[in-house]
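Everything below concerns the one structure shown next.
Here you go:
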C-alpha cells in the first residue's frame, strides 16, 4: 500500500500538485507580509505541504480531533474563515476545481480529481482544520 501511495504522490506532484502547492505557498508568503496574517500563513504552508503530497493525508476539524474548542474552532475561527474566503479561499478553490475537472476527463485522473475536490473544500474554510496522516 505504501508503494502505491508513493507512486500516486509522485504522479500527483508532476501532473499539477506542484502548481497548486506553490499557489498555497505564495498565499502563505502574502499572509506573512502583515503580522496579523502570520497564523494564516503558517496554515498555508502546512496545507501547501499536504497539497504537494496529498495521498495518505486528510484534514479534519481540530474540535473533532481534540474534543475541545480553541481559538480557531470558535467565533474567531469563523471570522477568520470569512476573511480567508474573501481574500484567498475562493481563488484557491477555483484553482483546485479547475484542476479537478481536467483530471476527471480521463479515467486514470479520477483519483487526482477527488484529491483536488478535497483540497478545494479545505481551501474554503481552513481555519480550525488540521492535517492528519491516514493510518
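In the UniProt record's numbering, the protein residues as written are 1 to 135. From the three backbone atoms N, C-alpha and C, an ideal C-beta is built for every residue, glycine too.
Taking the alpha carbon of residue i as the reference point, which residue from the options has its own alpha carbon closest?
i           : options            : result
residue 123 : 25, 103, 55 and 14 : 25
residue 47  : 63, 33 and 27      : 27
residue 87  : 64, 126 and 114    : 126
residue 133 : 35, 1, 56 and 12   : 56
residue 129 : 84, 6 and 63       : 63
residue 40  : 84, 108 and 99     : 84
Within the same chain, show all residues whose beta-carbon is closer than 8 Å to that of residue i, passing over the 5 residues directly before and after it, in chain order.
i           : result
residue 110 : 103 and 104
residue 97  : 116, 117 and 120
residue 65  : 130 and 132
residue 60  : 129, 130 and 132
residue 73  : 61, 62, 63 and 128
Do you know how far the Cα of residue j is from the Cα of residue i?
i           : j           : result
residue 121 : residue 93  : 7 Å
residue 10  : residue 69  : 36 Å
residue 45  : residue 4   : 25 Å
residue 14  : residue 38  : 29 Å
residue 42  : residue 67  : 23 Å
residue 177 : residue 58  : The requested residue 177 does not occur in the structure, where the chain is confined to residues 1 to 135.
residue 29  : residue 100 : 25 Å
residue 8   : residue 32  : 31 Å
residue 82  : residue 108 : 35 Å
residue 34  : residue 114 : 34 Å
Counting only the same chain and skipping the five closest in sequence on each side, list residues whose C-beta sits under 6 Å from that of residue i.
i          : result
residue 89 : 123 and 124
Hey, is the segment 104-111 in contact with the segment 67-82, meaning 3+ C-beta pairs nearer than 8 Å? no
Quick test of the definition: if touching needs 3 or more C-beta pairs under 8 Å, does the segment 52-63 touch the segment 15-32? yes
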